[in-house]
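> The numbering used here numbers the first residue of the sequence shown as 1 and each following residue consecutively.
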Amino acid sequence: MRPALARLVAAAGWALLGVLALLGVALSTVVGLSSSALGRPVVAGLLTRQVGAMIAGRLELEAVGVLPQGGLELRGLRLYDPDRRLVLQASSARLFLDLTRLRGREVGAVLELDAPSLMVETGEDGRTSLARALAPRRPEQAARPPGAPLARPSWTLRLTRLTVRGGELWWQDAAGKTAAELRGFDLDAEGAYGPKSGFLGLRARADLSAPLAGPLSLDVAASLRGDRLSVPVLRAALGPSLVEALGEGDLARGTFRAALTRFGVDAAAARRIDPAARLGGDLAGSGFAASDGQLVTAALDVQPGDL
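#1: Have a look at 100, 169 and 111 and flag the residue whose alpha-carbon is nearest the alpha-carbon of residue 93.
#2: Taking residue 228 as part of the beta strand (DSSP E), name the residues at either end of that continuous run.
#3: Would you kindly report the start and end of the unbroken alpha helix (DSSP H) that includes residue 130?
#4: When you measure from the CB of residue 213 to every non-hydrogen atom of the ligand NAD, does any distance come out below 7 Å?
#5: What are the boundary residues of the beta strand (DSSP E) that includes residue 308?
#6: Consult DSSP for residue 104 and reduce its assignment to one of helix, strand or coil.
#7: Can you find at least 3 beta carbon pairs, one from the stretch 99-107 and one from the stretch 167-185, that sit closer than 8 Å?
#8: Could you round the C-beta distance between residue 254 and residue 291 to whole angstroms and report it? I think they count as a contact, below 8 Å.
#9: Quick check on DSSP: helix, strand or coil for residue 93?
#10: In the structure shown, what three-state DSSP assignment does residue 271 receive?
#11: Here's a check: name, in chain order, each residue in its chain whose Cβ is nearer than 8 Å to the Cβ of residue 295, leaving out the five neighbours to either side.
#12: Just confirm the distance between the C-beta atoms of residue 61 and residue 72, as a whole number of angstroms; I'd bet it's less than 8 Å.
#13: Between 220, 241, 175 and 287, which has its C-alpha nearest residue 260's C-alpha?
#14: Would you list the residues sitting across from residue 189 in a DSSP beta bridge?
#15: Once DSSP output is grouped into helix, strand and coil, what is the label at residue 154?
#16: I'd like to know whether the C-beta atoms of residue 281 and residue 300 end up nearer to each other than 8 Å.
#17: Measuring straight from C-alpha to C-alpha, what distance separates residue 40 and residue 95?
#18: Considering only C-alpha positions, which residue in the set 158, 231 and 119 is nearest to residue 181?
#19: Please list, in chain order, all residues of the same chain as residue 36 whose beta carbon is under 7 Å from its beta carbon, the five residues on each side excluded.
#20: Ordered along the chain, which non-local residues of its own chain (more than five positions away) have a Cβ less than 7 Å from that of residue 80?
#21: Tell me whether residue 293 sits in a helix, a strand or coil according to DSSP, three-state version.
#22: Return the chain-ordered list of same chain residues with a C-beta closer than 7 Å to the C-beta of residue 210, the five sequence neighbours on each side being excluded.
#23: Measure from the alpha carbon of residue 195 to the alpha carbon of each residue in 212, 156 and 233, then state which is nearest.
#24: Would residue 298 be called buried (16 or more neighbouring beta carbons within 10 Å of its own) or exposed?
#25: Please determine, among 188, 90 and 70, the residue with the shortest C-alpha to C-alpha distance to residue 98.
#26: Just to check my reading of the structure: residue 264 and residue 240 have Cβ atoms closer than 8 Å, yes? What is that Cβ distance to the nearest angstrom?
#27: Hey, how far is the Cα of residue 124 from the Cα of residue 166?
#28: Buried or exposed for residue 175, going by 16 or more other Cβ atoms inside 10 Å?
#29: May I have the straight-line CA-CA distance separating residue 137 from residue 302, to the nearest angstrom?
#30: Can residue 231 and residue 246 be called in contact, C-beta distance under 8 Å?
#31: Among residues of its own chain, excluding the 5 on either side of residue 289, which ones have a beta-carbon nearer than 6 Å to its beta-carbon?
#32: Can you tell which of 251, 250, 213 and 228 has the C-alpha that lies nearest to the C-alpha of residue 268?
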């Protein structure tokens, strides 16, 4: 039995070496194809088919290239919703994956987008074309019983850096009217989401042309530990109008505390949104709200003021 067992172990060892060799050849082939002009469309086709098997929309790539730092450059990226309406396009996107912590069930990524155009339409059911494009191809993958808590992921997904430069956004509401339009969109973000915690840091700047015209900015910092949500920074501004707030809450108990530390409303901008707005001048103020899970209390202080 021992010689037979030895031959079996030897055969298994050689089989394992063969599989590893084949994997190495396959990876080398992908890298080699991505490095050649003829092979880039082939690799792009492989990637789009893999992604297409997971999402309800359709992803198209013109070519995929390998970057010196080990990342991938996706060229001619286009995303369509299930009705073949273009949702997202970008001349190039760079993706870097960090797989060094797979044993700890953690995956990291860096994503950079150059001049992306995002065209979002809201359907009669309230869902956007972007949500429909990225929805799972098999609806049962996302199904959960009504009222059941949102399942936490078993892996940690870490976004080391997300960078967008020179983007455009056009958003159409369900009535067919332009709900928002902006250009020169720059975004810097980082975050993580895992079984026990998560966080998000975001800074965005853009020039808004609809429904109002003016510089737009958004800054957010938030963290989640178990059911405890903390938002120490929330600031949004459109021209002179602004909102600054912070808060914390328990998602399981439904309790929260939030402070509107500062807000300002530009009277001229309010009249452009609603001509019926009767503001005698600019407004400024602050406020707070809190809940113990059953009773909500709130207060608001508003007074005329220069923004």
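Ideal placement from N, C-alpha and C gives every residue a C-beta, glycine not left out.
In this structure, then:
#1: 111
#2: 228-238
#3: For residue 130, the enclosing alpha helix (DSSP H) covers residues 129-134.
#4: This structure does not include the ligand NAD; it has no bound ligands of any sort.
#5: Given that the chain is displayed from residue 1 to residue 307, the structure contains no residue 308 and the question cannot be resolved.
#6: Per DSSP, reduced to three states, the secondary structure at residue 104 is helical.
#7: no
#8: 7 Å
#9: strand
#10: Secondary structure of residue 271 (DSSP, three-state): helix.
#11: none
#12: About 10 Å; that fails the 8 Å criterion.
#13: Among 220, 241, 175 and 287, the Cα nearest to that of residue 260 is on 287.
#14: Residue 189 pairs with 162 and 202.
#15: coil
#16: Taking 8 Å as the Cβ cut-off, residue 281 and residue 300 do not qualify as a contacting pair.
#17: Per-residue confidence for residue 40 stands at a pLDDT of 48, beneath the threshold of 50, marking its modelled position as unreliable; the derived number appears in the next sentence. Between residue 40 and residue 95, the C-alpha separation is close to 15 Å.
#18: 119
#19: Per-residue confidence for residue 36 stands at a pLDDT of 47, beneath the threshold of 50, marking its modelled position as unreliable; the derived number appears in the next sentence. Cβ neighbours of residue 36 beyond the five flanking positions: none.
#20: Sequence-distant Cβ neighbours of residue 80 in its own chain, meaning closer than 7 Å and more than five residues away, are 57, 58, 86, 87 and 133.
#21: coil
#22: 178, 180 and 181
#23: Ranking the options by Cα distance to residue 195, first place goes to 156.
#24: exposed
#25: 70
#26: 7 Å
#27: So the two alpha carbons sit approximately 30 Å from each other.
#28: exposed
#29: C-alpha separation (whole angstroms): 49 Å.
#30: yes
#31: A distance below 6 Å between beta-carbons, with the five flanking residues on each side excluded, links residue 289 to the following residues of its chain, in chain order: 258 and 298.
#32: 213
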